[in-house]
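Asker: Dropping the structure in here first, questions after.
Number of protein chains: 2
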Amino acid sequence: MVYKNFKQLIDTNISKASAKTVAVVCAEDDHSVGAAMEAGREGIIRPLLIAGEEKIKPLLETYGDYCDYELLPVSNQEEAVQTMVEVVNSGKADAIMKGLIQTADFMKAVVSKENNLRTGQLISHMVVIELPTYHKLLCVTDPAMMTYPDVDQKKQIILNAVDMLTRIGFDTPKVAALAAVDFINPKMPESVDAGLLKEMYERGEIPGCILEGPISYDLAVHKESAEIKGYDSPVAGDADILLAPNITVGNVLIKSLAFSAQGIPASIVTGAKVPIVLTSRASSQMEKFHSLVLAASLKGDH
Amino acid sequence: MVYKNFKQLIDTNISKASAKTVAVVCAEDDHSVGAAMEAGREGIIRPLLIAGEEKIKPLLETYGDYCDYELLPVSNQEEAVQTMVEVVNSGKADAIMKGLIQTADFMKAVVSKENNLRTGQLISHMVVIELPTYHKLLCVTDPAMMTYPDVDQKKQIILNAVDMLTRIGFDTPKVAALAAVDFINPKMPESVDAGLLKEMYERGEIPGCILEGPISYDLAVHKESAEIKGYDSPVAGDADILLAPNITVGNVLIKSLAFSAQGIPASIVTGAKVPIVLTSRASSQMEKFHSLVLAASLKGDH
Numbered sequence: 105m106v107y108k109n110f111k112q113l114i115d116t117n118i119s120k121a122s123a124k125t126v127a128v129v130c131a132e133d134d135h136s137v138g139a140a141m142e143a144g145r146e147g148i149i150r151p152l153l154i155a156g157e158e159k160i161k162p163l164l165e166t167y168g169d170y171c172d173y174e175l176l177p178v179s180n181q182e183e184a185v186q187t188m189v190e191v192v193n194s195g196k197a198d199a200i201m202k203g204l205i206q207t208a209d210f211m212k213a214v215v216s217k218e219n220n221l222r223t224g225q226l227i228s229h230m231v232v233i234e235l236p237t238y239h240k241l242l243c244v245t246d247p248a249m250m251t252y253p254d255v256d257q258k259k260q261i262i263l264n265a266v267d268m269l270t271r272i273g274f275d276t277p278k279v280a281a282l283a284a285v286d287f288i289n290p291k292m293p294e295s296v297d298a299g300l301l302k303e304m305y306e307r308g309e310i311p312g313c314i315l316e317g318p319i320s321y322d323l324a325v326h327k328e329s330a331e332i333k334g335y336d337s338p339v340a341g342d343a344d345i346l347l348a349p350n351i352t353v354g355n356v357l358i359k360s361l362a363f364s365a366q367g368i369p370a371s372i373v374t375g376a377k378v379p380i381v382l383t384s385r386a387s388s389q390m391e392k393f394h395s396l397v398l399a400a401s402l403k404g405d406h
Numbered sequence: 105m106v107y108k109n110f111k112q113l114i115d116t117n118i119s120k121a122s123a124k125t126v127a128v129v130c131a132e133d134d135h136s137v138g139a140a141m142e143a144g145r146e147g148i149i150r151p152l153l154i155a156g157e158e159k160i161k162p163l164l165e166t167y168g169d170y171c172d173y174e175l176l177p178v179s180n181q182e183e184a185v186q187t188m189v190e191v192v193n194s195g196k197a198d199a200i201m202k203g204l205i206q207t208a209d210f211m212k213a214v215v216s217k218e219n220n221l222r223t224g225q226l227i228s229h230m231v232v233i234e235l236p237t238y239h240k241l242l243c244v245t246d247p248a249m250m251t252y253p254d255v256d257q258k259k260q261i262i263l264n265a266v267d268m269l270t271r272i273g274f275d276t277p278k279v280a281a282l283a284a285v286d287f288i289n290p291k292m293p294e295s296v297d298a299g300l301l302k303e304m305y306e307r308g309e310i311p312g313c314i315l316e317g318p319i320s321y322d323l324a325v326h327k328e329s330a331e332i333k334g335y336d337s338p339v340a341g342d343a344d345i346l347l348a349p350n351i352t353v354g355n356v357l358i359k360s361l362a363f364s365a366q367g368i369p370a371s372i373v374t375g376a377k378v379p380i381v382l383t384s385r386a387s388s389q390m391e392k393f394h395s396l397v398l399a400a401s402l403k404g405d406h
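Quick note, the sequences are listed as chains G and F, same order.
Sequential numbering of the first sequence, starting at 105, is according to this note's numbering.
Sequential numbering of the second sequence, starting at 105, is according to this note's numbering.
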């Protein structure tokens with residue numbers, strides 16, 4: 105399956121009747137509650153709001169009649185986090201979304217061994233972006249969480265993204281390990297790592313995908329450029345996943361795609377038992393909505 | 105002066121009567137001769153073709169009547185390079201363009217002390233890009249030449265770009281030292297360098313510009329994002345120059361802008377006595393043309 109855009113992803117993967125339940129942890133700010141209730145109204149998700157009753161009250165006055173929701177009242181942040189752990193481990197929540205809680209506190213609860221939300225996989229961040237200039241949804245990872253991953257961590261970041269896209273319905277995602285050059289240059293560590301990943305892939309250590317690297321951005325997404333340069337690869341011009349060599353490349357890339365290439369981004373944290381929506385206050389309503397779409401599009405268990 | 109696009113740059117800076125002379129070194133391939141003669145026909149430049157007579161003959165059959173040009177015949181590459189050195193040092197050529205000669209050989213001649221083409225400045229590469237989603241021409245540096253510059257080299261890369269833009273007519277260019285974050289994080293070297301550059305700027309060591317850093321891509325080019333995040337700076341949303349922390353960030357960025365954001369790039373090598381057009385075989389005709397426009401737009405001596 106190839107998804108041209110988010111609409112197609114919604115039409116294919118989401119039905120109101122079997123909408124996924126997303127727990128909003130500390131659902132006490134307009135931005136997270138608004139996004140969750142809006143997605144609820146569209147039939148994308150069922151909001152499960154974990155919040156202090158007094159704190160969420162004014163928000164429910166605004167959004168309460170958007171959709172059916174469930175409220176799990178808590179008296180403080182600690183209880184909210186504990187409730188999140190329970191609803192994930194009991195299978196009641198299919199995904200979680202960060203509300204009015206510091207990212208560090210929230211992620212600490214996610215990664216804490218005793219909360220049993222981990223799967224043994226590394227936790228990484230991926231952005232899926234709809235671009236007017238590309239023929240399908242494009243994933244960039246990791247632009248936010250793993251800062252300067254080593255080769256093994258890069259492998260795990262790729263596996264996380266491949267797992268996610270496969271569960272969304274992509275057939276054998278094509279992975280481009282990005283560099284500034286299309287050959288291994290010992291003086292350019294990003295190209296060396298990309299070459300090592302290609303070797304690992306050829307040895308069967310990165311299954312479920314087709315991987316190419318080192319490969320430059322233009323060859324990964326633009327078939328004509330690859331043809332001019334004589335770069336022959338099934339990934340050339342048709343990449344599904346762009347592996348950024350580090351957070352700076354990933355961050356600049358997703359922002360250039362979102363702000364200069366008019367892309368619509370959705371972002372998700374992967375590798376825990378359930379997908380995590382971790383948008384920031386500065387994220388647009390559209391980004392929050394599509395991040396929930398992404399979380400709700402996943403099929404099957406982890 | 106703010107240039108919305110290349111057309112405005114041409115209209116403002118270039119007149120057929122005083123067109124700059126661009127020496128094409130080893131003008132023996134269709135791509136460089138075609139680009140130079142096309143720019144000649146448009147009155148952007150006067151081509152000064154340095155080439156083997158036999159080798160350029162078939163090309164002149166195609167392009168010979170495009171415009172007035174001068175041919176300096178040479179018998180081999182060594183002579184071509186020597187002729188380039190002479191026409192630059194005598195002031196006959198205002199800019200040079202690489203033809204059918206390996207980039208390494210070409211640049212070796214440029215940087216060689218005995219050829220006297222250097223100015224004492226570092227040699228760096230900059231791309232100026234016209235974007236449908238930005239209100240003016242945007243410069244990214246250095247996406248190709250200085251691979252992993254240290255802070256002092258970054259300072260020189262900035263000074264080269266500021267010098268170029270100022271000679272094109274920009275008023276006090278606004279420089280964004282890019283990072284993945286908008287604050288100094290000791291664990292993120294790009295942000296540390298950007299912070300150091302800001303300090304150097306505040307001490308007056310990087311004159312002729314307004315510099316901000318560390319700053320993320322969205323805040324540099326998108327005013328609303330900066331407002332949402334409370335990031336107050338004259339550079340926010342209005343950057344003229346984006347300093348990429350290294351070649352990989354720069355390369356991925358310019359390619360995402362060119363191939364996904366439908367930008368029109370022009371590239372130039374700066375820091376030598378004259379601007380250098382160093383496009384590759386894979387560069388589009390449009391890129392070659394606009395690179396010549398950039399070289400031809402420079403006012404005043406170095």
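Ideal Cβ placement from N, Cα and C applies to all residues, glycine included.
Note that the structure is predicted; figures quoted are calculated from it, not measured.
Hey, how far is the Cα of Val353 of chain G from the Cα of Gly354 of chain F?
Answerer: For the purposes of this step, residue 353 of chain G is taken as residue 249 along the first sequence, with counting starting at 1. For the purposes of this step, residue 354 of chain F is taken as residue 250 along the second sequence, with counting starting at 1. In a straight line, the C-alpha of Val353 of chain G is about 8 Å away from that of Gly354 of chain F.
Asker: Assign Arg150 of chain F to buried or exposed, taking buried as 16 or more other Cβ atoms, counted over all protein chains shown, within 10 Å of its Cβ.
Answerer: Numbered from its first residue, the second sequence carries residue 150 of chain F at position 46. Buried: at least 16 other Cβ atoms inside 10 Å.
Asker: Would you call Lys212 of chain F buried or exposed, if buried means 16 or more other Cβ atoms sit within 10 Å of its Cβ?
Answerer: One-based indexing of the second sequence puts residue 212 of chain F at position 108. The residue is exposed, with fewer than 16 neighbouring Cβ atoms inside 10 Å.
Asker: Hey, would you say the C-beta of Val232 of chain F is under 7 Å away from at least one heavy atom of the ligand ADP?
Answerer: This structure lacks the ligand ADP; in fact it carries no ligand of any kind.
Asker: Which of the three DSSP states is assigned to Leu382 of chain F in this structure?
Answerer: Position 278 of the second sequence, counted from the start, is the residue given in the question as residue 382 of chain F. Coil at Leu382 of chain F, not helix or strand.
Asker: Check each residue of the stretch 268 to 295 of chain F: if its Cβ is closer than 7 Å to any Cβ of chain G, include it; give the result in chain order.
Answerer: Flagged, chain order: Leu282, Ala283, Ala284, Lys291, Met292, Glu294.
Asker: For Val191 of chain G, which residues in the same chain have their Cβ closer than 7 Å to its Cβ, ignoring the five residues on either side in sequence?
Answerer: Indexing the first sequence from 1 puts residue 191 of chain G at position 87. Closer than 7 Å at the Cβ level, and outside the excluded window around Val191 of chain G, lie Ala127, Leu152, Ala197.
Asker: Quick check on Val215 of chain F: does DSSP put it in helix, strand or coil?
Answerer: Numbered from 1 along the second sequence, position 111 holds the residue referred to as residue 215 of chain F. Here Val215 of chain F sits in helix by DSSP.
Asker: Alpha carbon to alpha carbon, how far is Thr407 of chain F from Lys333 of chain G?
Answerer: Because chain F in this structure spans residues 105 to 406, residue 407 of chain F falls outside the shown range and cannot be described.
Asker: Rank F:Ile118, F:Gly147, F:Ser119, F:Tyr167 by C-alpha distance to the C-alpha of Ser136 of chain F and give the top, closest one.
Answerer: Against the second sequence, residue 136 of chain F aligns to sequence position 32. Nearest C-alpha to Ser136 of chain F: F:Tyr167.
Asker: Am I right that Ala155 of chain F and Val178 of chain F are in contact with their C-beta atoms under 8 Å? What's the rounded C-beta distance?
Answerer: The residue you call residue 155 of chain F lines up with position 51 of the second sequence. The residue you call residue 178 of chain F lines up with position 74 of the second sequence. Their Cβ separation, rounded to whole angstroms, is 7 Å, which keeps Ala155 of chain F and Val178 of chain F in contact under 8 Å.
Asker: Ends of the alpha helix (DSSP H) at Gly299 of chain G?
Answerer: Here residue 299 of chain G is taken as the residue at index 195 of the first sequence, counted from 1. First-last of the alpha helix (DSSP H) with Gly299 of chain G: 293 to 306.
Asker: Report the three-state DSSP secondary structure of Thr270 of chain G (helix, strand or coil).
Answerer: As a first step, residue 270 of chain G is located in the first sequence; it is residue number 166 there, counting from the start. Helix.
Asker: Could you please give the first and the last residue of the uninterrupted alpha helix (DSSP H) stretch that includes Ile227 of chain F?
Answerer: Residue 227 of chain F sits at position 123 when you count from the first residue of the second sequence. From DSSP, Ile227 of chain F is part of no alpha helix (DSSP H); its letter is neither H nor E.
Asker: Counting only Cβ pairs nearer than 7 Å, list the residues of chain G close to Thr352 of chain F.
Answerer: As a working note, residue 352 of chain F is residue 248 in the second sequence. Within 7 Å Cβ-Cβ: Ala283, Ala284, Glu294, Pro349, Val353.
Asker: Any beta carbon of chain F sitting closer than 8 Å to that of Ser67 of chain G?
Answerer: It is not possible to answer for residue 67 of chain G, since the shown part of chain G is limited to 105 through 406.
Asker: How far does the beta strand (DSSP E) with Ser395 of chain F in it reach, from first residue to last?
Answerer: Residue numbering aside, residue 395 of chain F sits at position 291 when the second sequence is read from its first letter. Segment 389 to 401 is the alpha helix (DSSP H) holding Ser395 of chain F; no beta strand (DSSP E) there.
Asker: Among the residues of its own chain, which have a CB less than 8 Å from the CB of Tyr238 of chain F, if the five just before and after it don't count?
Answerer: Here the question's residue 238 of chain F lines up with position 134 in the second sequence. The answer, listed in chain order, is Val325.
Asker: Just how far apart, CA to CA, sit Gly308 of chain G and Leu402 of chain G?
Answerer: By 1-based counting over the first sequence, the position of residue 308 of chain G is 204. By 1-based counting over the first sequence, the position of residue 402 of chain G is 298. For Gly308 of chain G and Leu402 of chain G, the distance between alpha carbons rounds to 25 Å.
Asker: In chain F, what lies closer than 9 Å to His239 of chain G by C-beta?
Answerer: Working through the first sequence from its first residue, we reach residue 239 of chain G at position 135. Here the premise fails: no neighbours, minimum Cβ distance about 12 Å.
Asker: Between which two residues does the alpha helix (DSSP H) harbouring Ile310 of chain G extend?
Answerer: Taking the first residue of the first sequence as position 1, residue 310 of chain G is located at position 206. First-last for Ile310 of chain G: undefined, no H or E at that position.
Asker: Is the separation between the beta-carbon of Ser295 of chain G and that of Glu316 of chain G shorter than 8 Å?
Answerer: Taking the first residue of the first sequence as position 1, residue 295 of chain G is located at position 191. Taking the first residue of the first sequence as position 1, residue 316 of chain G is located at position 212. Their beta carbons are not under 8 Å apart, which means Ser295 of chain G does not touch Glu316 of chain G by this criterion.
Asker: According to DSSP, which residues form a beta bridge with Glu415 of chain G?
Answerer: As shown, chain G starts at 105 and ends at 406. That puts residue 415 of chain G outside it, with no answer to give.
Asker: Between which residues of its own chain and Ala193 of chain F is the CB-CB distance below 7 Å, once the five residues before and five after are set aside?
Answerer: To locate residue 193 of chain F, count along the second sequence from 1; it is residue 89. It should be pointed out that residue 193 of chain F corresponds to Asn in this sequence rather than to Ala. Excluding sequence neighbours, Asn193 of chain F sits near Asn220.
Asker: Three or more C-beta pairs under 8 Å: does that hold for the stretch 375 to 392 of chain G against the stretch 116 to 124 of chain F?
Answerer: The stretch 375 to 392 of chain G vs the stretch 116 to 124 of chain F: no contact.
Asker: Assess, as a yes-or-no matter, whether the stretch 340 to 353 of chain F is touched by the stretch 364 to 373 of chain F under the definition of 3 or more beta carbon pairs within less than 8 Å.
Answerer: Too few Cβ pairs lie closer than 8 Å, so no.
Asker: Got a sec? Which residues, its chain only, sit under 7 Å from Val285 of chain F by beta carbon, not counting five neighbours each side?
Answerer: For this step, residue 285 of chain F is matched to residue 181 along the second sequence. Excluding sequence neighbours, Val285 of chain F sits near Met292, Ser295, Pro318, Ser320.
Asker: Buried or exposed: where does Gly224 of chain F fall if 16 or more other Cβ atoms within 10 Å of its Cβ makes it buried?
Answerer: As a first step, residue 224 of chain F must be located in the second sequence, where it is residue number 120. Per the 10 Å Cβ criterion, exposed.
Asker: When you check each C-beta in the stretch 357 to 373 of chain G against every C-beta of chain F, which residues fall closer than 8 Å?
Answerer: If the cut-off is 8 Å between Cβ atoms, the stretch 357 to 373 of chain G has Leu357, Lys359, Ser360, Leu361, Ala362, Phe363, Ser364, Ala365, Gln366, Gly367 near chain F.
Asker: How far does the alpha helix (DSSP H) with Ile358 of chain G in it reach, from first residue to last?
Answerer: Here the question's residue 358 of chain G lines up with position 254 in the first sequence. 351 to 363 is the span of the alpha helix (DSSP H), which, as asked, contains Ile358 of chain G.
Asker: Leu320 of chain G touches chain F at which residues, Cβ-Cβ below 7 Å?
Answerer: Within the first sequence, the letter at position 216 stands for residue 320 of chain G. Per the sequence presented here, residue 320 of chain G reads as Ser, with Leu not at that position. Near Ser320 of chain G (Cβ distances below 7 Å), the residues of chain F are Asn355, Lys359.
Asker: List, in chain order, every chain G residue whose beta-carbon is nearer than 8 Å to that of Leu235 of chain F.
Answerer: The residue labelled residue 235 of chain F in the question sits at position 131 within the second sequence. Correct list: Ser364.
Asker: Have a look at Leu396 of chain F and Glu142 of chain F and give me their C-alpha separation to the nearest angstrom.
Answerer: As a first step, residue 396 of chain F is located in the second sequence; it is residue number 292 there, counting from the start. As a first step, residue 142 of chain F is located in the second sequence; it is residue number 38 there, counting from the start. Using only the alpha carbons, I get a separation of about 10 Å.
Asker: Considering only C-alpha positions, which residue in the set G:Ala376, G:Gly375, G:Val106 is nearest to Glu234 of chain G?
Answerer: Here residue 234 of chain G is taken as the residue at index 130 of the first sequence, counted from 1. The residue with the shortest Cα to Cα distance from Glu234 of chain G is G:Val106.
Asker: DSSP on Leu241 of chain F, reduced to helix/strand/coil?
Answerer: Translated into positions along the second sequence, residue 241 of chain F becomes position 137. DSSP places Leu241 of chain F in coil when its eight states are reduced to three.
Asker: Excluding the 5 residues preceding and the 5 following Glu132 of chain F in the sequence, name in chain order all residues of the same chain whose CB lies nearer than 7 Å to its CB.
Answerer: For the purposes of this step, residue 132 of chain F is identified with residue 28 of the second sequence, where counting begins at 1. Ala155, Gly156, Lys159, Ile160, Gly203, Leu204, listed in sequence order.
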